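The sequence shown begins at 0 in numbering that gives the first Met the number 0 and counts up by one. Reading through the structure tokens given below for one structure.
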Amino acid sequence: MSQTFHRKRKHIYCESVDGLKLSLSVHNSELPEMCSEFVVLNVSCPSLMRTVFSVIFLIVSLLLIYYVYFNIIVIFFGWIVLLYQVFKLFWSVQKETLLVIAPVGLQITTTFLCGYENSHFIPWYCIVDVIINEAISLQKVLFYLAVLVEHKSEKDTSRKIIPLFQFTRPRLKCLEQIYINIQRLFSVSRSNVS
Numbered sequence: 000m001s002q003t004f005h006r007k008r009k010h011i012y013c014e015s016v017d018g019l020k021l022s023l024s025v026h027n028s029e030l031p032e033m034c035s036e037f038v039v040l041n042v043s044c045p046s047l048m049r050t051v052f053s054v055i056f057l058i059v060s061l062l063l064i065y066y067v068y069f070n071i072i073v074i075f076f077g078w079i080v081l082l083y084q085v086f087k088l089f090w091s092v093q094k095e096t097l098l099v100i101a102p103v104g105l106q107i108t109t110t111f112l113c114g115y116e117n118s119h120f121i122p123w124y125c126i127v128d129v130i131i132n133e134a135i136s137l138q139k140v141l142f143y144l145a146v147l148v149e150h151k152s153e154k155d156t157s158r159k160i161i162p163l164f165q166f167t168r169p170r171l172k173c174l175e176q177i178y179i180n181i182q183r184l185f186s187v188s189r190s191n192v193s
């Protein structure tokens, strides 16, 4: 097996801004130093089986309430809780992955609890920089990692900011680890171009 496929792995446990337990896995390629993968896993996310069992328990409870004591208000609120559980089952984010390949681009993948994945790719030539930005929300200062993107067309140039890790929202300490590794890849890529 070639050494180019040997990878260094590092695991860091941190928290989200909401206080949820997260795990950051950093996978770096060893020789070319042009590829890194960052996986932010929501450790406190309920398992699929636990959520399915709670939905089944709720359905059985609703049927029992319906047959034993017919009360439309209780059944109505039970259905609201059931719909919330189903929504939570399908739209809870299990992990977010950022794959950085220096001469190619960035791929952002969000994996939901039900197994659905949403991916977004940003070509390398569109990326201006990766920054840690701060935002004020109510009475909190929140930090987030963002990609500055520039699209050039014949008529004009448009710039926009694409936030990373929008669902897991890791704290600043975790974002700094990701930022340092991405900036290392940027510096290696820029020195190869020069």
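Where a beta carbon is used, it is the ideal one built from N, C-alpha and C, also for glycine. All values reported here derive from a predicted model rather than from experimental measurement.
>> Considering only DSSP beta bridges, list what N70 is partnered with.
In response: Looking at the DSSP assignment, N70 forms no beta bridge with any residue, so it has no partner.
Taking DSSP as the reference, what is the three-state secondary structure of S186? helix
* Asked: When burial is assigned at 16 or more other CB atoms within 10 Å of the CB, is K94 buried or exposed?
  -> buried
Should the segment 71 to 79 be called in touch with the segment 87 to 101, which here means at least 3 C-beta pairs below 8 Å?
no
Assess, as a yes-or-no matter, whether the segment 51 to 68 is touched by the segment 117 to 136 under the definition of 3 or more beta carbon pairs within less than 8 Å. no
Measuring only the C-alpha atoms, how far is I135 from F142?
9 Å
Going by DSSP in three states, S111 sits in which element: helix, strand or coil?
In the sequence on display, residue 111 carries Phe and not Ser. In this structure, F111 counts as strand in the three-state DSSP scheme.
Return yes when the Cβ of V103 is within less than 8 Å of the Cβ of L184, no when it is not. no
Between V16 and R158, how many whole angstroms is the CB-CB distance? I'm expecting something under 8 Å. 26 Å between Cβ atoms; not a contact.
Notebook entry, point to check: In the structure shown, what three-state DSSP assignment does F142 receive?
Noted result: strand
**Item:** Spatial distance of V85 from I161 (CA atoms)
**Value:** 29 Å
For this session: State the start and end residues of the unbroken beta strand (DSSP E) segment that holds L40.
Result: 34 to 41
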